[in-house]
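Asks:
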Amino acid sequence: MDIRTAFRGRWLSLAVTLVAASMLAGTAQAQIAAGKSKFLGNVTANSVPSNFGTYWNQVTPENATKWGSVEGTRNQMNWAAADAAYNWAQQNGYPFKFHTFIWGSQYPNWLTNSGLTQAQQRAEIEQWMQLACQRYPNTWAIDVVNEPIKTPMPFAAALGGSGSTGWDWVITSFQLARQYCPNAKLLINEYGTENDPPVRNTYKNIINLLKARGLIDGIGIQAHYFNIDNMNRAAVVSMLNDYATLGLDVYVSELDIVANNTEAGQAAKYQDVFPGFWEHSSVKGVTLWGYIVGQTWRDGTGIVNANGTERQAMVWLKQYVAGTGGSDTQPPTAPSGLVASGTTSSSVSLAWSASTDNVGVTGYQILRAPGASGGTFAQVGTSTSTSFTNTGLSANTTYRFQVRAVDAAGNVSAVSNTVTATTQGGGGDTTPPSAPGNLAGTTTSSSASLTWSASTDNVGVTGYQILRAPGASGGSFAQVGTSTGTSFTNSGLSANTTYRYQVRAVDAAGNVSAVSNTVTLTAQGGGTGGACSVTPTLQTQWQTGYVLEPVRVTNTSSSTINGWTVTFTLPAGHNIVGSWNTVLTVNGQTVTARNVQHNGTLPPNGSGTFGFQVSRPNGNTQIASGFTCASP
């Protein structure tokens, strides 16, 4: 990074901080987070709800600034809904975020279906960014790349493909965004990292590639209900502590909560996890993904009823943020009595006395330094209890350990006493197992079952690590599970989606084998069973196109369904130009829409939604019809 880049990064950070502070303090309406050091925002659709300014002080268009919404037909730009959100934000002094430049979904179909060369695709991408930056010069932040891990990228090759880093196309996207939007904060955005450490590690790897090149200003964590509903506050804080080690601002970008589909359950989950986000020192802002019941992308996430009355979650949220939210700056007491309670040739077990805090301790960070003296302490793990075992150590080697406590606001205690421990001799096993062989698999619409031949080792194989990468090529492998046998089932997959798998063996000393052969598997599509209904809603239309959202799929059976398939017909001359929360297949005028991972499992009477945008001949007023639904 040269001095100009370094200076620009510091200037942008300072400028955004000062501008955001003045925005939050100076707006005319009393939003929930007025006067706080971080924003609490929400999304807009085609227009801004009349009560938006009563609650929120940051604006993100939900769909209006996605490429497929703006340029569904090549060189015909529809900025109307994006203009409405941007102009309203400017008039009211709100930070405006552009969501998103590059995404493997809701991009114009003509980009990949009209025979463009990679060079032509690259030119279109650059034109898209340049036009957006010119039209919205006061944009506060941009989600440059959305879901680089979770959503396969059909036009990655136009941006350099995987390249030498494995993520060259992401790096190029950020380089172009910096070129055309030098004054905006550049963010990356992803889901599924909250409670899946292997995916998080892949995400951190991408972020570090961007950080090393001075291209990224903040991290987006979507925090949708299908990840957050299964977490508690301690898990949220532990995850944020992990991201804090990267030294970048964190933004909770698409938060929504369902809990157990009851108003009380939703409120209880907000009270549990929201303070973990809001009070963490690395989090600079939180954006909810909708708030009005019946107008959110997923049933059960709204916190204000359509008639304007507030649900329990909103009542609590207002009181919490306006009261003590974000004010905790007192660190916990230091842990005490740290001892090494046991050693082997490759591990040291630690125990200590609990810390105390004015709000509550959420976890501990374990630090390690080499030798009996000298060297630098570095974090090697976390624990939510008062014990920890550090594995993978070298035999007959001395280490020093310390522990420090963390609270819900991210405040960190002083370190504990230092304890010195030496691992046992143990024979010095440094030989890794042989690589597993003959990896093979079968699939259903939501899972992949893997089998392989056992590895061998001079001491003994203790288990296997299962790795997965998206698509038939490109992307990075990340660990998705472990097994002590020679089989594993990876569940929660998206129907009609391709994945690659590898397996590697681990022995008792922590030695890891080379990976097995790679097997490529495609999850099956949804079958037929007639256990669901589908109701499309026309959200908006214009002379040359329209948007159907939400298209609501409801489980009409008496048992839970795991996957659905919707079929419908497009009138002649109509073409799909973008879709979201579904995997679409087009055959002539017949379109098949299948669930994705987070909206395929529906309880009795439960529902999920998706949406799509269509172009049509000028003056044609027809819309898609003949919707049917089936489930396995």
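Counting from 222, one number per residue, gives the positions in the sequence shown under the working numbering.
Note that CB positions come from ideal geometry on N, CA and C, so glycine has one too.
#1: Could you tell me the distance, in whole angstroms, from the CA atom of residue 617 to the CA atom of residue 731?
#2: Can you pull the DSSP bridge partners for residue 828?
#3: Fully enclosed by the stretch 531-583, which beta strand (DSSP E) runs are 3 residues long or longer?
#4: Could you tell me if residue 247 is buried or exposed, where buried requires 16 or more neighbouring beta carbons within 10 angstroms of its beta carbon?
#5: Take every Cβ of the stretch 651-668, pair it with every Cβ of the stretch 567-582, and state whether three or more of those distances are shorter than 8 angstroms.
#6: Based on the DSSP output, what are the partners of residue 653 in its beta bridges?
#7: Who are the Cβ neighbours of residue 546 in its own chain at under 6 angstroms, not counting the five residues just before and after it?
#8: Would residue 603 and residue 267 qualify as a contact pair, given that the criterion is a beta-carbon distance under 8 angstroms?
#9: On the three-pair Cβ rule with 8 angstroms, is the stretch 792-804 touching the stretch 833-843?
#10: The beta strand (DSSP E) spanning residue 671 covers which residue range?
#11: Would residue 407 and residue 438 qualify as a contact pair, given that the criterion is a beta-carbon distance under 8 angstroms?
#12: Considering residue 342, what are the terminal residues of the alpha helix (DSSP H) in which it resides?
#13: So what does DSSP say about residue 484, is it helix, strand or coil?
#14: Quick one: using the 10 Å Cβ neighbour count with 16 as the cut-off for buried, is residue 372 buried or exposed?
#15: Please state the DSSP three-state secondary structure of residue 637.
#16: Residues in its own chain within less than 6 angstroms of residue 423 by CB, not counting five upstream and five downstream?
#17: Taking only the alpha-carbon atoms, compute the straight-line gap between residue 429 and residue 524 and give it to the nearest angstrom.
#18: With H, G and I counted as helix, E and B as strand and the rest as coil, what does DSSP make of residue 808?
#19: In chain order, what residues of the same chain have a beta carbon less than 7 angstroms from the beta carbon of residue 414, not counting five sequence neighbours either side?
#20: Looking at the unbroken beta strand (DSSP E) that takes in residue 289, where does it start and where does it end?
#21: Quick one: grab the DSSP three-state call for residue 463.
#22: Quick check on residue 399: does DSSP put it in helix, strand or coil?
#23: How should residue 825 be labelled, buried or exposed, when 16 other C-beta atoms within 10 angstroms of its C-beta is the threshold for buried?
#24: Roughly how many angstroms lie between the CA atoms of residue 770 and residue 340, to the nearest whole one?
#25: Does DSSP put residue 749 in a helix, in a strand, or in coil?
#26: Pick helix, strand or coil for residue 497, following the three-state DSSP scheme.
#27: Enumerate in chain order the residues of its own chain whose CB-to-CB distance from residue 459 is below 6 angstroms, with the five nearest sequence positions on each side excluded.
#28: For the stretch 286-293 against the stretch 324-335, do three or more pairs of beta-carbon atoms, one drawn from each stretch, fall closer than 8 angstroms, so that the two count as touching?
#29: Can you give me the Cβ contacts of residue 651 inside the same chain, cut-off strictly under 8 angstroms, excluding the 5 residues immediately before and after it?
#30: Name the two residues that bound the continuous beta strand (DSSP E) containing residue 720.
#31: If you follow the beta strand (DSSP E) that residue 626 is in, where does it begin and where does it stop?
#32: Is DSSP giving residue 689 helix, strand or coil here?
#33: What is the rounded straight-line gap between the Cα of residue 261 and the Cα of residue 382?
#34: Restricting to Cα atoms, I'd like to know which of 479, 690, 847, 646 is closest to residue 388.
#35: What residue ranges within the stretch 397-445 form continuous alpha helix (DSSP H) runs of no fewer than 4 residues, ordered along the chain?
#36: Applying the 10 Å Cβ sphere with the 16-neighbour rule, what's the burial state of residue 485?
Replies: Result, derived from the coordinates:
#1: So the alpha carbons of these two residues sit roughly 15 angstroms apart.
#2: Residue 828 has 775 as its beta-bridge partners, per DSSP.
#3: Counting only runs of 3 or more, we get 557-564, 569-574.
#4: Confidence at residue 247 is low in this model, with a pLDDT of 36, below 50, so its placement is unreliable and the value that follows should be read with caution. By the 10 Å Cβ count, residue 247 comes out exposed.
#5: Using a Cβ-Cβ distance cut-off of 8 angstroms, the stretch 651-668 and the stretch 567-582 are not in contact, since fewer than three pairs of beta carbons, one from each stretch, lie closer than that value.
#6: Residue pairing of residue 653 in beta bridges, as defined by DSSP: absent, with no partner found.
#7: Confidence in residue 546 is poor, its pLDDT being 46 and thus under 50, which makes the residue's placement unreliable; the coordinate value appears in the next sentence. Taking residue 546 as the centre and dropping the five residues before and after it, the same chain places the C-beta of 499 closer than 6 angstroms to its C-beta, in chain order.
#8: No, they are not a contact pair.
#9: Contact holds: three or more Cβ-Cβ distances are below 8 angstroms.
#10: Run containing residue 671: 668-674, per the beta strand (DSSP E) assignment.
#11: In contact: residue 407 and residue 438 (Cβ atoms closer than 8 angstroms).
#12: That run of the alpha helix (DSSP H) goes 339-356.
#13: DSSP places residue 484 within a helical segment (H, G or I) once states are collapsed to three.
#14: By the C-beta density criterion, residue 372 is buried, having at least 16 other C-beta atoms within 10 angstroms.
#15: Coil at residue 637, not helix or strand.
#16: 370, 697, 699.
#17: In this structure, the CA atom of residue 429 is about 36 angstroms from the CA atom of residue 524.
#18: The answer is strand: DSSP assigns residue 808 an E or B state.
#19: Excluding residues within five positions, the ones whose Cβ falls inside 7 angstroms are 420, 421, 424, 442.
#20: First-last for residue 289: 288-291, but that is the alpha helix (DSSP H), not the beta strand (DSSP E).
#21: Secondary structure of residue 463 (DSSP, three-state): helix.
#22: Collapsing the DSSP output to three states places residue 399 in a helix.
#23: Here residue 825 is exposed, its C-beta having fewer than 16 other C-beta atoms within 10 Å.
#24: Cα-Cα distance, rounded: 33 angstroms.
#25: Per-residue confidence for residue 749 stands at a pLDDT of 37, beneath the threshold of 50, marking its modelled position as unreliable; the derived number appears in the next sentence. Reduced to three states, the DSSP call for residue 749 is coil.
#26: Assignment of residue 497 by DSSP, reduced to helix, strand and coil, places it in the helix class.
#27: For residue 459, where only same-chain residues beyond five positions count, the Cβ hits under 6 angstroms are 584, 603.
#28: Segments in contact, yes.
#29: If we look at residue 651 and ignore the five residues flanking it on each side, its Cβ neighbours are 730, 732.
#30: For residue 720, the enclosing beta strand (DSSP E) has its first and last residue at 719-728.
#31: That run of the beta strand (DSSP E) goes 619-628.
#32: Residue 689 falls in the strand class under three-state DSSP.
#33: Roughly 36 angstroms separates the two Cα atoms.
#34: Closest by alpha carbon: 690.
#35: Along the stretch 397-445, the alpha helix (DSSP H) occurs as fully enclosed runs of 4 or more residues at 418-433, listed in sequence order.
#36: Exposed: under 16 other Cβ atoms inside 10 Å.
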